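Accompanying notes for the structure given below.
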Amino acid sequence: MSYNIRLSLVDDGQHNWDIRKPASITMINTLQPDVFGVQEPVWEQIHYLLDSLPAYAKLGVAREDGDSLGEFSAVFYLKDKFEVLREGDFWLSETPDIPSLGWDAAHKRIVTWGAFKNKETGNSFYLFNTHFDHIGKVARKESARLLMDRIAEITVDAPIIFITGDFNATIDDPLFEPVKAHFLDARQEAPLTDTLSTYNGWGSYNGAPIDHIFYRGAEALSYRTVTDDFGVPYVSDHYPVLAVFEYELK
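Everything in the sequence shown is counted per this note's numbering, starting at 359 for the first residue and increasing by one.
Dropping the structure here:
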């Protein structure tokens, strides 16, 4: 699952985090994803998720200082089901190993990743979670290239890899060309799917999806944009997207 949770802002009024947070927990507990990537949470929200979801643990640091300042692109996983084999973070910039602003981006952008092993089956996979810049066109294009380069370096020949994120771009954007060369889009490949907008803007916005789940080495069984009622009009200004995959024991 990929979930742009919307950072905690007092100015959000009736949609502020204090009002939305119980519904967010209800949503996650209802869907029960094995792993999920979140975009935009600040430490207050990360702390709440960890306290409210005791079955999950998280990976990732904040983008501003590599610790707890600013937004995260964290990865949550069921800690009794998966063992973390490796983990890390890098920035979408010309200096990816330190907190840094890249190209023409408005904000620092980060990727959090983990290698997971299913404790019961022995299957292992990688998951990379990110949030591309909403302003910088050059930054989004270069971020896609850097993401592919870093995935190749980190995973070597790992057969099963997933990417979740808010890419602030629709799937027909040329920036995805290097991604499509190596990965499939769950929305397009799953036999059970939809084409709903993932950004709602707290209303009836009806654009093309900008939140995506990419994969390789698995079979996408279903994909859906989560628009269910969890007790508030919107759990975020983005709808979560959820995909179910199947893969063979290697």
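For every residue, glycine included, the Cβ atom is placed at its ideal position computed from N, Cα and C.
These numbers come from a predicted model, not from an experiment.
Pull up the distance between the alpha-carbon of Arg-545 and that of Lys-437, whole angstroms please. The count along the sequence shown starts at 1 and reaches residue 545 at position 187. The count along the sequence shown starts at 1 and reaches residue 437 at position 79. So the two alpha carbons sit approximately 27 Å from each other.
Bridge-paired residues (DSSP) for Phe-520: The residue given as residue 520 occupies position 162 in the sequence shown. DSSP output for Phe-520 lists Leu-485, Tyr-573 as bridge partner(s).
With Tyr-597 and Asn-564 assumed to form a contact (beta carbons below 8 Å), what rounded beta-carbon distance in angstroms separates them? Here residue 597 corresponds to residue number 239 of the sequence shown, with the count starting at 1. Here residue 564 corresponds to residue number 206 of the sequence shown, with the count starting at 1. Wrong, their Cβ atoms sit about 12 Å apart, outside the cutoff.
Could you check the C-alpha separation between His-465 and Leu-365 for me, to the nearest Å? One-based indexing of the sequence shown puts residue 465 at position 107. One-based indexing of the sequence shown puts residue 365 at position 7. Distance between the alpha carbons of His-465 and Leu-365 is about 14 Å.
Distance CB(Ala-527)-CB(Phe-534) smaller than 9 Å: Taking the sequence shown and counting its residues from 1, the one referred to as residue 527 is at position 169. Taking the sequence shown and counting its residues from 1, the one referred to as residue 534 is at position 176. Yes; because the gap between Cβ atoms is below 9 Å, this pair is in contact.
Which one or two residues does DSSP pair with Ser-426 in a beta bridge? As a working mapping, residue 426 is identified with position 68 in the sequence shown. In DSSP, Ser-426 forms no bridge with anything.
Looking at the structure shown, is Leu-389 part of a helix, part of a strand, or coil, going by DSSP? Here residue 389 refers to the residue found at position 31 when the sequence shown is read from its first residue. DSSP places Leu-389 in helix when its eight states are reduced to three.
Considering only the beta carbon of each residue, do Ala-463 and Asp-491 sit closer than 9 Å? Counted from its first residue, the sequence shown places residue 463 at position 105. Counted from its first residue, the sequence shown places residue 491 at position 133. Contact flag set, yes.
Coarse secondary structure for Tyr-597, derived from DSSP in three states: For the purposes of this step, residue 597 is identified with residue 239 of the sequence shown, where counting begins at 1. Reduced to three states, the DSSP call for Tyr-597 is coil.
Exposed or buried, what is Asp-569 when buried is set at 16 or more other beta-carbons lying within 10 Å of its beta-carbon? One-based indexing of the sequence shown puts residue 569 at position 211. Buried is the call here.
When we look at the beta-carbon of Ser-426 and count the other beta-carbons within 10 Å, is it buried (16 or more) or exposed? Position 68 of the sequence shown, counted from the first residue, corresponds to residue 426. Ser-426 comes out exposed.
Using CA coordinates, which residue listed in Pro-536, Leu-485, Trp-461 is at the minimum distance from Gly-472? Within the sequence shown, the letter at position 114 stands for residue 472. Of Pro-536, Leu-485, Trp-461, the residue nearest in Cα terms is Leu-485.
Output needed for Val-593: all residues of its chain with C-beta closer than 7 Å, excluding positions within five of it in sequence on either side, in chain order. Position 235 of the sequence shown, counting from 1, holds the residue named residue 593. Once the five neighbours on either side are set aside, the close Cβ partners of Val-593 are Arg-378, Ala-381, Ser-382, Met-385.
For the beta strand (DSSP E) that contains Trp-449, what are its first and last residues? To locate residue 449, count along the sequence shown from 1; it is residue 91. If you look at Trp-449, you'll find it in the beta strand (DSSP E) that goes 440-449.
Quick one: give me the first and last residue of the alpha helix (DSSP H) that Ala-502 is part of. As a working note, residue 502 is residue 144 in the sequence shown. Start and end: 495-513.
From the DSSP secondary-structure annotation, give me the bridge partner or partners of Asp-552. Start at 1 with the first residue of the sequence shown, and residue 552 comes out as number 194. Per DSSP, none; premise fails for Asp-552.
Cβ neighbour criterion (16 or more within 10 Å) applied to Ala-413: Start at 1 with the first residue of the sequence shown, and residue 413 comes out as number 55. When all chains shown are included, Ala-413 counts as exposed.
Cβ-based neighbour list, Val-396, same chain, cut-off 6 Å, excluding 5 preceding and 5 following: On the sequence shown, residue 396 is found 38 positions in, with the first residue counted as 1. The answer, listed in chain order, is Tyr-361, Ile-363, Ala-432.
Determine the direct distance from the alpha carbon of Gly-561 to that of Asp-587, and round the result to whole angstroms. The count along the sequence shown starts at 1 and reaches residue 587 at position 229. The count along the sequence shown starts at 1 and reaches residue 561 at position 203. The straight-line gap from Cα to Cα measures roughly 14 Å.
Taking the C-alpha atoms as reference points, what is the distance between Pro-457 and Phe-394? As a first step, residue 457 must be located in the sequence shown, where it is residue number 99. As a first step, residue 394 must be located in the sequence shown, where it is residue number 36. Those two C-alpha atoms are separated by around 23 Å.
Find out if the Cβ-Cβ distance for the pair Gly-575, Phe-483 is shorter than 9 Å. Mapped onto the sequence shown, residue 575 falls at position 217. Mapped onto the sequence shown, residue 483 falls at position 125. Closer than 9 Å, so yes.
Report buried or exposed for Ala-502, applying the criterion of at least 16 other Cβ atoms within 10 angstroms of its Cβ. Taking the first residue of the sequence shown as position 1, residue 502 is located at position 144. With 16 or more other Cβ atoms within 10 Å, it is buried.
Check this for me: beta carbons of Phe-430 and Arg-421, under 9 Å apart or not? Here the question's residue 430 lines up with position 72 in the sequence shown. Here the question's residue 421 lines up with position 63 in the sequence shown. At the C-beta level, Phe-430 and Arg-421 come within 9 Å of one another.
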